[in-house]
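K.L.:
Just so we're aligned, residue 2 is where the sequence shown starts under the working numbering, counting upward by one.
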Amino acid sequence: MNPVNVCVTFPSSQEILDMINAVSPRVRIVDISPWLRDEATSAEAKAKVDVALRDVEVMFVARVPRDVLTRAPRLKWAQYVGTGVDALWHAGLANAPFTITNVTGTNALPIAEHCFLFMLMWAKHARQFLQLQKDHSYARDSVRPLWLERKTLGVLGIGGIGSEVARLGKAFQMRVLATRRSATRRQSNVDGVDVVYPITELRSMLGECDYVVNTLPLTKETERSMGEAEFKAMKQTAFLVNVGRGKLFDEPALVRALKDGTIAGAGLDVFATEPLPADSPLWDLPNVYMTPHVSGDLVDNRERAARLFCDNLKRFITGQPLRNVVDPKRGY
2 MNPVNVCVTF
12 PSSQEILDMI
22 NAVSPRVRIV
32 DISPWLRDEA
42 TSAEAKAKVD
52 VALRDVEVMF
62 VARVPRDVLT
72 RAPRLKWAQY
82 VGTGVDALWH
92 AGLANAPFTI
102 TNVTGTNALP
112 IAEHCFLFML
122 MWAKHARQFL
132 QLQKDHSYAR
142 DSVRPLWLER
152 KTLGVLGIGG
162 IGSEVARLGK
172 AFQMRVLATR
182 RSATRRQSNV
192 DGVDVVYPIT
202 ELRSMLGECD
212 YVVNTLPLTK
222 ETERSMGEAE
232 FKAMKQTAFL
242 VNVGRGKLFD
252 EPALVRALKD
262 GTIAGAGLDV
272 FATEPLPADS
282 PLWDLPNVYM
292 TPHVSGDLVD
302 NRERAARLFC
312 DNLKRFITGQ
322 PLRNVVDPKR
332 GY
């Protein structure tokens, strides 16, 4: 049987490499990560990458330059270690002659947990209590925590992550609303969601929500889909969470909405420009909680991705359909 040449583009533990090797005796791993790091400044490293890519059929990729994928003439399938593949589309790979899969589902629950970290920090006034601790002040009556129970949670996008957010919302006894791209009308009691809205009724849904969580992928249709009109449609007491992509929001409009009280606050894990520029006004807003795009970046993130990759690699070798194939037309 012919070997299956598998290219790994990022530094991986021996445990991950052993896991990949164990899939089949036909697997031959080509680890280009040491050369990839240096090829911009070393002709020798670039030549080694070119030679290594000649016979590669499968790639296990993290963030790599577009041409690494297009320089592999025999490439049939690339497994991306992330969920959002917008960077690949923006690199011109939407019509690539090979299949692209992602790791949707492997980090849905921890990202959903991160959403509730933001919501609970807001509802329980974490910033104020931390200040009291810093001030050695035992002022019990100065701040009153809020409940999540009976509040209305709106989820933008009811895919893998959105479904987990909705499930946790129900565990907190919240009323859960959601948008779904394929919905053509409002539907009640669907997949654990009280009401599913078509995206054309987004503003109507926003007006009902105490908390809004964005989990949408970045596509041509979703880019800057949350702007001034959408923020004005929200309650002034509403708290907004973004764990999708920063470019889904009109960020200057978001800053204005947070400054002028159009919405009450926000929890942001993603930003239009990353790393977030040091002069961004978001850093200093007292009604904003921020994390540096880490909601899905877990201690064992690569191991989780490797397990899904190995399952897909078995499928590839045996001619079975791959899991999590990205649809170029939808962009996710």
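By construction, the Cβ of each residue, glycine as well, lies at the ideal position given by its N, Cα and C atoms.
Buried or exposed: which applies to glycine 320, given that a residue is buried once 16 or more other Cβ atoms fall within 10 Å of its Cβ?
P.N.:
Exposed, by the Cβ-count rule.
K.L.:
If you draw a straight line from the alpha carbon of serine 14 to that of methionine 175, how long is it in whole angstroms?
P.N.:
Serine 14 and methionine 175: Cα-Cα distance of roughly 41 Å.
K.L.:
Taking the alpha-carbon positions, what's the alanine 79 to asparagine 302 distance?
P.N.:
Going from the Cα of alanine 79 to the Cα of asparagine 302 covers about 18 Å.
K.L.:
For the stretch 41–51 and the stretch 320–332, state whether three or more C-beta atom pairs, one from each stretch, are separated by less than 8 Å.
P.N.:
Touching, no, given that fewer than three Cβ pairs across the two stretches are closer than 8 Å.
K.L.:
Could you tell me which of Val244, Glu304 and Ala306 sits nearest to valine 156, measuring between CA atoms?
P.N.:
Nearest C-alpha to valine 156: Val244.
K.L.:
Here's the rule I'm using: 16 or more other beta-carbon atoms within 10 Å means buried, otherwise exposed. How should threonine 274 be labelled?
P.N.:
Looking at its Cβ environment, which holds fewer than 16 other Cβ atoms inside 10 Å, threonine 274 is exposed.
K.L.:
At which residues does the alpha helix (DSSP H) containing phenylalanine 240 begin and terminate?
P.N.:
Taken as a continuous stretch (DSSP letters only), phenylalanine 240 belongs to no alpha helix (DSSP H), being part of the beta strand (DSSP E) at 240–243.
K.L.:
Do you know whose CA, among Asp39, Leu37, Leu118 and Lys236, lies nearest valine 295's CA?
P.N.:
For valine 295, the nearest C-alpha among the options comes from Leu118.
K.L.:
When you compare the stretch 136–147 with the stretch 195–206, are there three or more beta-carbon pairs, one atom per stretch, that lie closer than 8 Å?
P.N.:
Flag = no, the stretch 136–147 and the stretch 195–206 do not touch.
K.L.:
Using three-state DSSP, classify aspartate 68 as helix, strand or coil.
P.N.:
Looking at aspartate 68 - three-state DSSP - the assignment turns out to be helix.
K.L.:
Taking 8 Å as the limit between beta carbons, can you name the residues of its chain near glutamate 165, skipping five residues before and five after?
P.N.:
Here the set comprises Ala109, Leu110, Ile112 and Ala113.
K.L.:
Provide the residue span of the alpha helix (DSSP H) that contains valine 52, from first to last.
P.N.:
Counting along the chain, the alpha helix (DSSP H) containing valine 52 begins and ends at 44–54.
K.L.:
Please name the residue or residues paired with threonine 201 in a DSSP beta bridge.
P.N.:
Beta-bridge pairing links threonine 201 to no other residue.
K.L.:
Determine the extent of the alpha helix (DSSP H) in which tryptophan 284 is found, giving its start and end residues.
P.N.:
Careful: tryptophan 284 lies outside any alpha helix (DSSP H) and carries neither H nor E.
K.L.:
Apart from the five residues on each side of it in sequence, which residues of its chain come closer than 6 Å, Cβ to Cβ, to lysine 260?
P.N.:
None.
K.L.:
Check each candidate in Lys135, Met227, Val7 and Ile101 and name the one with the smallest Cα separation from methionine 158.
P.N.:
In the sequence on display, residue 158 carries glycine and not methionine. The shortest C-alpha separation from glycine 158 is found at Met227.
K.L.:
By alpha-carbon positions, which one of Pro26, Arg64, Asp192 and Asn190 ends up nearest to arginine 38?
P.N.:
When each option's Cα is compared against that of arginine 38, the closest is Arg64.
K.L.:
Return yes when the Cβ of valine 104 is within less than 8 Å of the Cβ of asparagine 288, no when it is not.
P.N.:
Contact: no.
K.L.:
Contact defined as beta carbons within less than 8 Å: I believe arginine 257 pairs with alanine 230. What is the distance between those atoms, to the nearest angstrom?
P.N.:
About 12 Å separates the two Cβ atoms, so there is no contact after all.
K.L.:
Is the distance from the Cβ of valine 177 to the Cβ of leucine 154 below 8 Å?
P.N.:
Yes, these two residues count as a Cβ contact at 8 Å.
K.L.:
Roughly how many whole angstroms lie between the Cα atoms of proline 276 and proline 218?
P.N.:
Rounded to the nearest angstrom, the two C-alpha atoms are 19 Å apart.
K.L.:
In the DSSP assignment, what residue or residues form a beta bridge with alanine 127?
P.N.:
In DSSP, alanine 127 forms no bridge with anything.
K.L.:
Counting only the same chain and skipping the five closest in sequence on each side, list residues whose C-beta sits under 7 Å from that of alanine 184.
P.N.:
Cβ neighbours of alanine 184 beyond the five flanking positions: Val197, Tyr198 and Pro199.
K.L.:
Of all the CB atoms in chain D, is at least one closer than 8 Å to the CB of valine 214?
P.N.:
The structure shown contains no chain D; it is built from a single protein chain.
K.L.:
Which parts of the stretch 133–210 are runs of the beta strand (DSSP E), unbroken and 3 residues or longer, counting only runs that do not cross its ends?
P.N.:
Whole beta strand (DSSP E) segments, 3+ residues: 153–157, 176–181, 188–191 and 194–199.
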